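Worksheet: one structure, shown below.
Numbering (the numbering used here), first residue to last: 85 to 287.
Have a look at this one:
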C-alpha cells in the first residue's frame, strides 16, 4: 500500500512539474501572434467569399422575426436597396457593430431599408432570447429574421465569415459586392448610397 501511495505521489508530482513548465513557457512566449493578411491576400479572400453569393435568389422566403413578426420576400419591394446584415450570437464583432447599424437605420438614406438575419436562431430558443437582448441593448428598431429554408440555402449556409452584409434591390437581387467583417455607420451609409446610385444608373 505504501509503495502504491508513493507511486501516486510521484505521478502527481510529475504532472504538476509539466503544468508549471507549460505555464512558464506560455508566459515567456506569450499568445500566438495573430495572422495578418497582406492587402493582396485580403483582396483574394474577399473575392473568394463574394463568389459564394453569386446568383443568390431570395425570392419566396417566408419566415418570422425574433420578435414574432411574419416577414416574406415581398418586404423588399418597397425599397430600392435593402441592407441585410448576417450575424450570429457568438460573434463579438457582430454584436459590437449593432449600435452603429441601429444609428444608421434611424437616419438611413431615402428609399433604403435595413434588416438582419441571425443565423444561429433556427430552432434555438436561447439564441433567439440572446439576439433579442443584443438588439434591445443596441437600440435597434429594424427586424432581425430567423432564417427559413430559403434563407438558409441562399445565405446563412453559404456564410463562412461573420458578420457578412449584402445589399439587395426591390426584387431581392444582390447589388454590388458583399461586405465581410464589422464596419462603421459611415461605411455602411456610403455602401447604401453607392448601391442606390447603381440601381438608378441601371434603369
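Note that beta-carbon positions come from the ideal geometry of N, C-alpha and C, so glycine has one too.
The structure displayed is predicted, hence computed values, not measured ones.
Quiz prompt | Straight-line gap, residue 158 to residue 151 (C-alpha atoms, nearest Å) | solution = In this model, residue 158 and residue 151 are separated by some 19 Å (Cα to Cα).
Quiz prompt | Other residues of its chain near residue 240: CB distance less than 6 Å, five sequence neighbours each side excluded | solution = Only residues of its own chain outside the window of five on either side were considered, and among them 203, 231 have a CB closer than 6 Å to the CB of residue 240, listed in chain order.
Quiz item: beta strand (DSSP E) containing residue 185: first to last residue?
Solution: Per DSSP, residue 185 belongs to no beta strand (DSSP E); it is in the alpha helix (DSSP H), 176-190.
Quiz prompt | Sub-8 Å separation of residue 192 and residue 276 beta-carbons | solution = Yes, these two residues count as a Cβ contact at 8 Å.
Practice problem: Within the segment 214-287, note down every full alpha helix (DSSP H) run reaching 4 residues or more, in order along the chain. | Solution: 269-285
Quiz item: Nearest-angstrom Cα distance between residue 182 and residue 144?
Solution: In this structure, the alpha-carbon of residue 182 lies about 27 Å from that of residue 144.
Practice problem: Report yes or no: do the segment 168-185 and the segment 208-223 share at least 3 C-beta pairs separated by less than 8 Å? | Solution: yes
Self-check item: Assigned exposure category for residue 273 - 16 Cβ within 10 Å defines buried
Solution: buried
Self-check item: Helix, strand or coil at residue 151 according to DSSP, with G and I counted as helix
Solution: coil
Self-check item: Same chain, Cβ closer than 7 Å to residue 147, five either side skipped, listed in chain order
Solution: 155, 229, 230, 231, 232, 235
Quiz item: By how many angstroms is the C-alpha of residue 263 removed from the C-alpha of residue 135?
Solution: 12 Å
Quiz item: Using the C-alpha atoms, what's the distance from residue 280 back to residue 260?
Solution: 10 Å
Exercise. Determine the extent of the beta strand (DSSP E) in which residue 166 is found, giving its start and end residues.
Key: 165-171
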